[in-house]
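Taking it in order: structure first as structure tokens, then the write-up.
Listed below in structure tokens is the structure:
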């Protein structure tokens, strides 16, 4: 589903080049559950943004569903984001003036889905995350866990192939965090490719595969079951390698 | 995004910042209201002038001694126009069949006194015909009797103000007043008329033209007013009148003015005035546009995270551009509607305060003010909207 070949991304910060990603090679199969770990500044967010077509690599190839993303123009990229990719963020990013239902409807508004059908589908997704009774609440009337569930409903309402989650439980208590993860895993189980960026080993260990990044390079590849290896690699990375 | 979705999205965004939205609405509303009210004022002035002329009569032909263009040789060697006399007036009546009535007018200033009360008024020497030619009304008594134009008679007709000032609380008809050194009997009082063509017709004393010429020691008429039978004959009548008088004087030394020409001049002047007022008012609309741009720029920078999110959700550049443009245009057109309302109230107030002024905004100004307000939103909304589309989604999402 995803093929990364020699992917590199460099930023200019204060006139100094910062190598956020250096020569990343990776293949991610459809339906996979992958966790990406790494200390802050390791390039894991940059990788997620490139995977989500919000950012472009300076070098290397990013192939998504057999298409070279670098060859797509801005309009095609927005279509890819709309129909192929779903995003879940640490800070939920719900539009504060819209109700839960309207937030879920938002991607369909851009996709030009008919209002009646829009409403019905959004309501169905809210039901799926157990929030149908809260449909008319605005984000500030919802708990953190509820907000993230609304965000998940929104991310998946157009049936994407790939769900990217950036610290999805980073702002939640343990109970609602687990609830959110269960929902994500349920979607993964029904075929959705799930990529989670996290620093929390408890989250990463639930993934089938774990990558650890350090200074823009993949320094460890393992499975969720062997999370202690990843944690060791991570603490080594945090201590400056 | 359907237009309905665009508008709904924009309306919600605007409702989220009531104060800010209200302020920019106010700016646009003031601009539009200013255009509407000021053009209504200009248009009112034009209508006022037109109605003034119409009240005098549109078939009016006025002959004034002297020519409009400057001619002649050395000063003192001819070039002095001949007098316009009563004989000329008679000749015109005889020689130009299109003329229905002729009213010779002499004007001067004289003191009218009754007992201890004195008042400086405009002395108008006229004939019976003036009543109809100038469309005057009589409040009580009667107007000058139909006399031979050459015959003097010691009678006077007073204007409203003169009558009221000289005879407070009583009827002047039948009383004897002194006009200059002359004793005259008041035979009538004019109905109120107000300013007309620069003469306050309420503050006059009208006496027979021959009498006025003696009192003022003048042989020449101030002007000769004529009523033409049909409006279509106006130009032909003017040419023939000028020719008849030129034949008598041996040169063309009078100017004939038609009502239409004067009215046309006034109308075009006041049209320009109205346009100028509209232009000045439009400046305030432009200022309101800058205000909208400011609000939209603030809105874009405040909502960078949201814009980043919209991009992540798959909103295209065009959709984001349209969303912010719709917001600016919704703001400006709502302000425009409010402005039309305020302007309408303003015009109503104006009319209530000055009933004489038929102030009403011309339709073109209303249409222009509203379209301008929408255009202002589009024009000044483009830059902020464009800025929104160019935001880097990664930076925008992290709120940087």
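Residue numbers (my numbering), protein chains in the order written: chain G, 5 to 245; chain V, 38 to 437. Even glycine gets a Cβ: it sits at the ideal position worked out from N, Cα and C. Model, not experiment: these values are computed from the prediction.
- Spanning the alpha carbons of residue 216/G and residue 42/G requires a straight line of approximately 5 Å.
- Here the alpha carbons of residue 242/G and residue 100/G stand approximately 36 Å from one another.
- Contact holds between the segment 223–232 of chain V and the segment 171–188 of chain V, because three or more Cβ pairs, one in each stretch, are under 8 Å apart.
- Straight-line measurement puts the Cα of residue 365/V at about 5 Å from the Cα of residue 414/V.
- Taking 7 Å as the threshold, the shortest C-beta distance from residue 77/G to chain V does not fall below it.
- Residue 29/G: not part of any alpha helix (DSSP H); member of the beta strand (DSSP E) spanning 20–32, first to last residue.
- Under a criterion of Cβ atoms nearer than 9 Å, the residues of chain G adjacent to residue 352/V are, in order, 82, 85, 86, 110, 111, 113, 114.
- With the criterion set as a beta carbon lying under 8 Å from some beta carbon of chain V, the members of the segment 51–76 of chain G are 53, 56, 58, 59, in sequence order.
- C-alpha of residue 74/G to C-alpha of residue 60/G: approximately 7 Å in a straight line.
- At a Cβ-Cβ threshold of 7 Å, residue 137/V and residue 196/V do not count as neighbours.
- If you look at residue 281/V, you'll find it isn't in any beta strand (DSSP E); it sits in the alpha helix (DSSP H) that goes 271–286.
- Taking each of 424/V, 309/V, 246/V in turn and checking the Cα distance to residue 340/V, the smallest one comes out for 424/V.
- By the C-beta density criterion, residue 133/V is buried, having at least 16 other C-beta atoms within 10 angstroms.
- Nearest neighbour of residue 254/V by Cα position, chosen from 69/V, 147/V, 400/V, turns out to be 147/V.
- Judged by DSSP secondary structure, residue 196/V falls outside any beta strand (DSSP E); it is assigned neither H nor E.
- Cα atoms of residue 82/V and residue 298/V: separation of roughly 18 Å, rounded to the nearest angstrom.
- Nearest neighbour of residue 109/G by Cα position, chosen from 380/V, 46/V, 377/V, turns out to be 46/V.
- By the CB criterion at 7 Å, residue 279/V and residue 242/V fall outside the cutoff.
- The C-alpha of residue 386/V is placed about 56 Å away from the C-alpha of residue 157/G.
- DSSP, read as helix, strand or coil, puts residue 67/G in strand.
- Shortest Cα-Cα distance from residue 157/V to any of 294/V, 426/V, 145/V involves 145/V.
- Chain-ordered, the chain V residues with CB closer than 8 Å to the CB of residue 99/G read 343, 346.
- Against chain V, the beta carbon of residue 93/G has neighbours under 9 Å at 346, 349, 434, listed in chain order.
- At a Cβ-Cβ threshold of 7 Å, residue 37/G and residue 211/G count as neighbours.
- When 95/G, 24/G, 84/G, 171/G are compared, the shortest CA-CA separation from residue 111/G is found for 84/G.
- Chain-order list of chain G residues neighbouring residue 398/V: empty, with the shortest C-beta distance near 37 Å, by a criterion of under 9 Å.
- Contact note: residue 102/G reaches chain V through 49, using a C-beta cutoff of 8 Å and chain order.
- Between the alpha carbons of residue 355/V and residue 22/G lies a gap of roughly 32 Å.
- For residue 177/V, the enclosing beta strand (DSSP E) covers residues 175–178.
- With a threshold of 7 Å between beta carbons, residue 430/V makes contact with chain G.
- Residue environment analysis places residue 177/V among the exposed positions, since fewer than 16 neighbouring C-beta atoms fall within 10 angstroms of its C-beta.
- Secondary structure of residue 219/G (DSSP, three-state): coil.
- Residue contact with chain G for residue 53/V: present (Cβ-Cβ distance below 7 Å to some residue of chain G).
- Counting only Cβ-Cβ distances below 8 Å, residue 38/V has contacts in chain G at 113, 114, 116, in chain order.
- Distance from the CA of residue 76/G to the CA of residue 14/G, rounded to the nearest whole angstrom, comes to 20 Å.
- Within the segment 74–93 of chain V, no residue places its CB atom closer than 7 Å to a CB of chain G.
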